[in-house]
Structure formats: C-alpha cells, structure tokens
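First up is the structure itself, then whatever we jot down about it.
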Amino acid sequence: MTTTCRWEAAESPSAAPGTPPPPAPERGTGATGRSRRRRGWALLIFAAIVVSAVAAGIGREQVIKSEGAGSLFDFFAAAASPRLDADFLALTGTAMLTTLAYAVLGTALSLVIGLIGGILTSQAWWESGVRTRRGRRLAGWGLARAVLVVPRGIHEVVWGLFFLVVFGIDPIVAVLAIGIPFGAVTAKVFSELLDETGRRPYTALVAAGSSKWSAMLYGLLPPALPDLISYGFYRFECAIRSAAILGLVGAGGLGFQLALSFQTLRYPEIWTLLFALILLSVAADYWSSLVRSARARGRQRSRDGGGVRRDPLLTASLVFGAVLIGLSSWWIGLDIAVLWSGKAWEFGIQLLSDAWPPSVGDTGFGGLLMLAGVTLAMSIVAITIAFALGAVFAVPASTPAQGRDHIERGAMARIGRTTAMLASRFVLVVLRAIPPPVWALLLLFVMYPGILPGAIALAIYTTGVLGRLMAESVDNLDARPLRAIRSTGASASKVFCYGVIPAAAPRFVAYGLYRWEVTIRETVVVGVVGAGGLGLLLQHQISAFNYAGALTTLAMLILLTLVVDITSAAIRRSVR
Amino acid sequence: MSSPIFALDGVGVSYGKNTALARVDLTVEPGERIAIIGPSGAGKSTLIGVLNGTVAATSGEVTALGCDYRRAPAREIRKSQRRVGTIHQRFDLVEQLRTVHNVNAGRLGSWPFWKAALSLLLPRDVQRVRAALDRVGIGDKLHHRTGDLSGGEQQRVAIARVLVQDPVMILADEPVASIDPARGREIMSLLLELSAEAGVTLLACLHDVDMALGSFERVVGLRAGQIAFDKKRADLTDDEVDALYAFERATEPR
Ligand SMILES: Nc1ncnc2c1ncn2[C@@H]1O[C@H](COP(=O)(O)OP(=O)(O)O)[C@@H](O)[C@H]1O
Ligand SMILES: [Mg+2]
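Heads up: the protein sequence lines correspond to chains A and B, in order.
Under the working numbering, the residues of the first sequence are numbered 624 to 1199, in order.
Under the working numbering, the residues of the second sequence are numbered 696 to 949, in order.
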C-alpha cells in the first residue's frame, strides 16, 4: 500500500514530476543546513498556527452556544431510533443508489479524461520521435500540464454549481462535476505512472514506424495498467464522498435528502440517511482497499522476481465495475444528448459572458485579500486539529503484525489490541463518511456561525481521511529496525518512542501537508455555515447571479491554492 | 545497381559535452550482412538508434531508404521506419502481453489504430503470427504470457515480431548478449538464415568477436564513437581487431 503514498504525493500540483526536485536553497550544506532549515519551517508553522487560531476567533469571540447543547443531545439520542418505515427506507435506498451511480459514472468519466490527459501530459508522449525539436516538445508538454491546473484547482462543488446553472437539475451535473476535477487529478497521476514504466518497448514500437497511440497501447499501457486500475478504485472511494456533497447543493441523491431533512430538523430521518451514507462509504473503502492491497502484493511479488501474474481479484473487480457503469447510467437515466443541446450551450455562454470581464466587487481588492487570509487561517486551524487527532487514531488503527506490533503479545493484550484497531478504524470511517457541510450543520447546534465551526467541521472530516492514510503508513513501516530495538530488551513504549515515531513522523508530516492542500480547496464547501472566507463570498455571489464577482473570487481561490501547494511542496522537501 | 539502404555522411551524435558518435560515414547496400564490433561505450547502440530513427543526429546527413531523417515529414519517416526492423540488446517485449500480441506489435506501423486496439481483444492475423512463431521454433507458445517464457524463447519472439513486420532491413543490437552461448549461436544462425532466405539486409552489433568474424562478410570496427575500420572480413587482420579492444592510452583525453 505504499502506492497511496506515491499517489498522494503525485497529486500535489506543484511537485513537478519527471523533473527531479530542485535542490533546496543551500546555505549551510549537509545535515546542519537541513536541520537549520527544518527549524526555520517549524518556527514558521508554529507562528502560522497561532496567528490562524487568533484569526479564527479562538479565545476572542463568543463561540459556544451553550443553550444548543440540549438539541445536540436530542440529535444524538435519535441515533438509536432512525426512521425505518418502508416508505422512508425505499426513499433512502433510491437515494443511495443514485449517489452510488453518480460516483460510478463520475469515476468512469474521470478515468477516460485521466487516461487521455495522462498520455498527453506524459514525457514519453512528447519525447518520442526523431524530429520534434526540444523547444517544441517542452512547450507542448508544459502547455498540456498547464491546461489541467485549472480544473484541478476548482472544487467539485463549484463545478456542480456551474453545471446546475447550465443544465438545470439533470444527472449529467453530478457526473461532470465529479468527472472533470477528478479527471484532471487522475491525468496527473497517470502521466507519472506512465513515465515510471520502462519505456523501451514503447520506443521500439515507435522505431518500427508505429503511430504513438498504437505504441502507447501496446508498449506502455499494459505494464502500467494494474497500477492505473488500482488508482481508479482509490478515486472511486473519493467519488462516493464527493457525490454525497454534490447532493447537498442540489444534485440529488443522499446528500439532497439530507439537506431536506436538515431543513425540517427531522433527526430520525437524518440518522437513517447518515447510516446509509456510512454503509456506502464503508463498502466503497473496503472494496478499494481490497483491490489496492492485492495490487501491492502483486508489485511485491514481481519485485521478488516472481514474474507478472494476472490478478483474479483485479479482473473480477473490473468486470463488476463495467457492469456497474451500465446499471448506473440506466438508473439515473443518463442522457448525454443534453451536452450538445442548444439551450445548455446558450446558458453556458450566457454565464461566461456575464462573468467576463471579472469584477472585484464592492469589497475591493483589499477585501478580497482579507478573505483569502481568513480562508487560509481556516484551513490551517482545520489541518492542525486533524493532524493531531489523525495521529492519535492512526497508531491503534494500524494493523497489528508480526514484528511490527509494539504491544506485548499475551492473549488478552492481543484481543485488546484488535478491539482497539477495529474501534479506531470504525471511528475514522464514520468521520470521513459524513461530508464536512453536514458536520458543520451539526456544529451549529452548539456554536455561533463563523470561521471556527467551519474549521472544526473540516478538521473532523479530514481526521477521518488523514488517520487512515497515517495508519497505512504505519503498516508500511520497515519491521526490521523495530525488531532490533525490541531485541535489546526495550519495553513496548520504548520501541514506540525510538522506533515507530521517528520512522513514521516524516510521512505523517507529508500526508498532513498534502491534506492541507486538499483542505484549502474544501473550505468552499463549508460556506453554508457562514464560515467566512472566499468560500462564503463565492456562495453569495453565485446565489446573487453575480458571476463576474464569482470569477474573480474563483481566480483568487485558485491562486491561494497554488500558493499553498508550493509552500507545502517546499516544506515536504525539507522534511524528506 | 540500386540505391543504398542507408547512407550516413559525417554523422555525429553528442549528449551535452559527451560525444557518442563523431564523423561517421557508412553506406549499406541491399543484401549486405554487416557486423559492427567495438568495446562497450563505443557507440554501437547509438549508431543503431540513428539508423532506426530513435536517436537524432546532431550533425551530418542520414538518409534511410531514400528518406532524409532530418528534413522529411513525419509521415515519410514513419514509412521508412516501418521497413526497418530492430532487435534489441535487451528485449523490447511487453511481459504482460501474450506472445501473439507481442508479435503482432510488429504490424502496428501498417495497422490503423482501431485495428491495433481491436486486436488486443480479438487477435488479428493469427495465421501469420503462427507461421512466424513456427519459423523461429516456438509455434506452441502463441498464447503464453511473454513474461513466462525463457530468455531464449523471448528472443525468438522478438525475431518473430521482426518477421511479421516484413522489413527490407534488420538491425540487431547485441541480439544474443543476454542468453547462454549455445542458445546464442542457435539464434544467431537463425537470424542469418532468415535474412538469407528473404534477401533481407542485416546489420548486427556484436560483443562476441568470433561470431562476427565467423559469419559476416563485412566488419565495421567502432571505437570511441569513430569508425576504426570498415573492411571485408577477408581483409581484416588480427592486429586491427586487437587494437580495437586495447585499453585506451593514458595520454588520451577522457
Ligand atoms: N541517452 C544518453 N544520454 C547520455 N549519454 C549517452 C546516452 N546514450 C548513450 N550515451 C553515451 O554515448 C556513448 C555510447 O553509448 P552506446 O551507444 O550505448 O555504446 P555501446 O552500445 O557501444 O556500448 C557512451 O559513452 C554512453 O555513455
Ligand atoms: Mg549498447
């Protein structure tokens, strides 16, 4: 499962793949220089956290609404009595299938975009052929990559709102809103997977006069395919969560039903829907991790010289996936004819011409910068909390395995350890199954609207994602040093302090930073709770049909995302 | 007499400051069988690359089958490339694919994309593939995964691929370097036999000097990117061969 690590790192848009990371600015060379740089970053991060906490209003404003504690209690009490009558169950089931169908079709679209985009942004594509000049090649490659930056920087929800205007309420909205940004991310990861694959068979085919597409098909895709597929399953898992969020903004499915039930505060209904969402999410996570761990084993085997083997699980999953695609388009009645309907084009062009030229609006450019600062603060508070909580859950959630486990292996201890693992995994999956806006709505029972509930909602959700990634990285720790420490007679806690923490910490930090990049994009979706920042402004502007303003805000958001990505990449380099 | 298959005129290839080939003149006439020998790093693989159009010459003129690699449009170049088959030092086969597909990959140059894609699902022209595999002696391996075959068998698959490509010229870059000597001699004589049978021109880089001297009429010695000699086998002396492989003198700039 080291694959996740590579993907997550690769998804960051600023880490230019293929080109080796530029050497960090060297002042002091060697180990001392590195540790000085690290100390510098640590100080900077600490300062950023403090400033963000203050900006978010911690310790300054009245944030806790004590009178809401009763409602919150009622809400959780209702968990024991969800609405289970036949009517509502049927409704929930229908909504569940719709959300699933959105996720399946969105993923399918993203794979198509990703495959074509990945080929067109791979170095293999641009570097082959005897005549193309170096300058032209670099320009083509750079351009192809640049084209993908924008769709990647815009959150699914924003795409969803855009397509809602263009197509009205139509299943195509969710499919496009998931497929386009996911496709751009997937293209990036695919291009890296392709470039990591040995290029000799491909070059040999080009040398024999084959066209590049045919050469790709025979020479480069077959070896890369298992990794591509297993990445596709990881994307599917993410797509389920996105499909739910898209429902909240009106695209239908579980999210939409949740929004309705929240408006009328029918707790038992909310719980039924939440359980359905959790069920779907758990199933998707499980399927995806089955496929991915099978793939990881396959890679291990071929590294050990066992040759390449067909993987029955992968094949079966693929066939099942294909069937799901067919069923899904039937279920939601997908009709891609709307894509070239005159009306949709008219709306789309109308919207774009309204948006052009972009305008700064009444807050002025300074106001926009202020809001960008607020957004940044929200993301920093969120990721700080999520990092701490994620790390706390990750350790018990990791797989207890031979030689890696730091807990003594008595029968009781083993049962305890397994229980802890299952419990923490369960907590993590629930945290990430429920979309951040829902967490935010729940927080509003006990908090006043503002940045803090937004940040905490993002933190809760991110904890679920981050905790899982961290647990996987503990799973992948090299067992030998741990055994060596234990063999000196060290106690379990000493093994943990000297073996596990130092080895896992850099990866935790790397994942934390990567999720920070994702979180800054996700600040958009907690705008519903009046969490300030660019996300809220964007939501206001869109609902007021102020598209010129929205375009400016969007550009600012993409810029901010880019700044965060670059900062994060710089920190990751110094940690490595 | 017909025009030469390849004409290299003062060809140089450099990677940054590193010069892989310098001022190479070489003409290949139809039907010739040429061995290229030289120590490793001499530029043999680079020369093969120049001939099949995967390495761009940084200076000089390359004409392959009447097509100027540096000026002709991409389509023309591909047409020439289609008629030049290459067998590589390390096999350029895709281990994950079945043998039939790896052999059919030799046809990609003449197939449209849709046919290439379709063939991965329903193998096309199986008869022709089977005939080629029979010819190289592994007709029963048609549907085996290529990665499961032995080194020698894989090399035969590579030859079968070139056979279905139906080229006028075969380039071979140390075709037997990675298999045991007995198997290597078998494959080498197969290659010579096939080229003689079909009247295909053959140019092979060889590590094994005895093999080169034993079976080729013309031998080209390459050293440090330059042609040291280019002679009929009969005119070649042992001293010239020894000099080719002698250690570089310390005074020579590196
Ligand atoms: N892609 C490349 N980049 C830089 N140098 C190269 C490259 N390919 C070959 N060379 C250099 O060119 C010289 C000739 O290499 P090569 O043609 O592979 O020799 P041979 O096949 O005779 O062993 C060597 O010095 C090698 O290091
Ligand atoms: Mg070589």
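Cβ atoms here follow ideal geometry from the backbone N, Cα and C, with glycine treated the same way.
What you are looking at is a predicted structure, and each value in this text was computed from that prediction instead of being measured.
To the nearest angstrom, report how far apart Ser-698(B) and Gly-761(B) are at their CA atoms. 8 Å
Between Leu-738(A) and chain B, is any beta-carbon pair separated by less than 8 Å? no
Say yes only if the C-beta of Lys-712(B) is nearer than 7 Å to one or more non-hydrogen atoms of ligand 1, and no if none qualify. no
Indicate, with yes or no, if ligand 2 has a heavy atom lying under 7 Å from the CB of Asp-763(B). no
What do you reckon, is the C-beta of Asp-787(B) under 7 Å from a heavy atom of ligand 3? As presented, the structure is devoid of ligand 3, carrying ligand 1 and ligand 2 as its sole ligands.
So, does the CB of Ala-827(A) fall closer than 8 Å to a CB anywhere in chain B? yes
Of the residues that make up the stretch 838 to 869 of chain A, which ones have a beta carbon closer than 8 Å to any beta carbon in chain B? Ala-838, Leu-840, Tyr-841, Gly-842, Pro-845, Pro-846 and Leu-848
Residues that DSSP places opposite Ser-837(A) in a beta bridge: According to DSSP, Ser-837(A) bridges with nothing at all.
Run down chain B in chain order and give the residues with a C-beta less than 7 Å from the C-beta of Trp-836(A). Phe-808
Can we count Ser-873(B) as close to ligand 2, meaning its CB is less than 7 Å from some heavy atom? no
Please indicate yes or no: does the CB of Ser-754(B) lie closer than 7 Å to some heavy atom of ligand 1? no
Alpha carbon of Met-1044(A) to alpha carbon of Ala-700(A), nearest angstrom: 26 Å
Can you pull the chain A neighbours of Lys-712(B), defined as C-beta to C-beta under 7 Å? Simply none; closest approach about 17 Å.
Once the 5 residues before and after Gly-834(B) are set aside, which same chain residues still bring their CB inside 8 Å of it? Arg-825 and Leu-828
Do Thr-721(A) and Gly-876(A) have their CB atoms nearer than 8 Å? yes
Is Asp-925(B) near ligand 2 - that is, is its Cβ less than 7 Å away from at least one heavy atom of it? no
Please name the residue, chosen from Thr-1190(A), Arg-1106(A), Gln-1162(A) and Leu-1160(A), that lies closest to Ala-1133(A) on a Cα-to-Cα basis. Thr-1190(A)
Please classify Arg-889(A): does DSSP put it in a helix, a strand, or coil? coil
Hey, could you find the ends of the alpha helix (DSSP H) Met-906(B) is sitting in? 904 to 910
Can you tell me whether DSSP reads Asn-799(B) as helix, strand or coil? helix
Should Thr-652(A) go down as buried or exposed, given a rule of 16 or more other Cβ atoms within 10 Å for buried? Only weak support is given to the placement of Thr-652(A): the predicted model assigns it a pLDDT of 47, under 50, and the value that follows is read from those uncertain coordinates. So Thr-652(A) counts as exposed.
Whether or not the stretch 857 to 869 of chain A and the stretch 1056 to 1075 of chain A are in contact is what I'm after, with contact meaning three or more pairs of Cβ atoms, one per stretch, closer than 8 Å; do they touch? yes
Measuring CB atoms only, is the stretch 881 to 889 of chain A touching the stretch 1034 to 1041 of chain A, in the sense that at least three cross pairs come out at less than 8 Å? no
Check whether the Cβ of Thr-1111(A) sits closer than 7 Å to any heavy atom of ligand 1, and report yes or no. no
DSSP three-state assignment for Tyr-909(A), whether helix, strand or coil: helix
Among Ile-742(A), Gln-746(A), Gly-737(A) and Ser-982(A), which one has its Cα closest to the Cα of Pro-774(A)? Gly-737(A)
Just to confirm, does Asp-903(B) get its C-beta within under 7 Å of one of the non-hydrogen atoms of ligand 2? no
Which value, in whole angstroms, describes the spacing of the CA atoms of Thr-627(A) and Arg-1130(A)? The predicted position of Thr-627(A) is uncertain, since its pLDDT is 42 and thus under 50; a value taken from the coordinates is nonetheless stated next. So the alpha carbons of these two residues sit roughly 12 Å apart.
Does Lys-739(B) pass the burial test, meaning 16 or more other C-beta atoms within 10 Å, or should it be called exposed? buried
Give me the Cα-Cα distance between Arg-851(B) and Gly-878(A), rounded to the nearest whole angstrom. 59 Å
Using 8 Å as the limit for Cβ to Cβ distance, is Gly-765(A) near chain B? no
Is it buried or exposed for Leu-947(A), if we count other Cβ within 10 angstroms and need 16 for buried? buried
Thr-896(B) and Glu-727(B) closer than 8 Å at C-beta: yes
Terminal residues of the continuous beta strand (DSSP E) containing Glu-756(B)? 754 to 759
Can you find a C-beta in chain B that's less than 8 Å from the C-beta of Gly-776(A)? no
Cβ-heavy atom distance between Lys-1117(A) and ligand 2 below 7 Å? no
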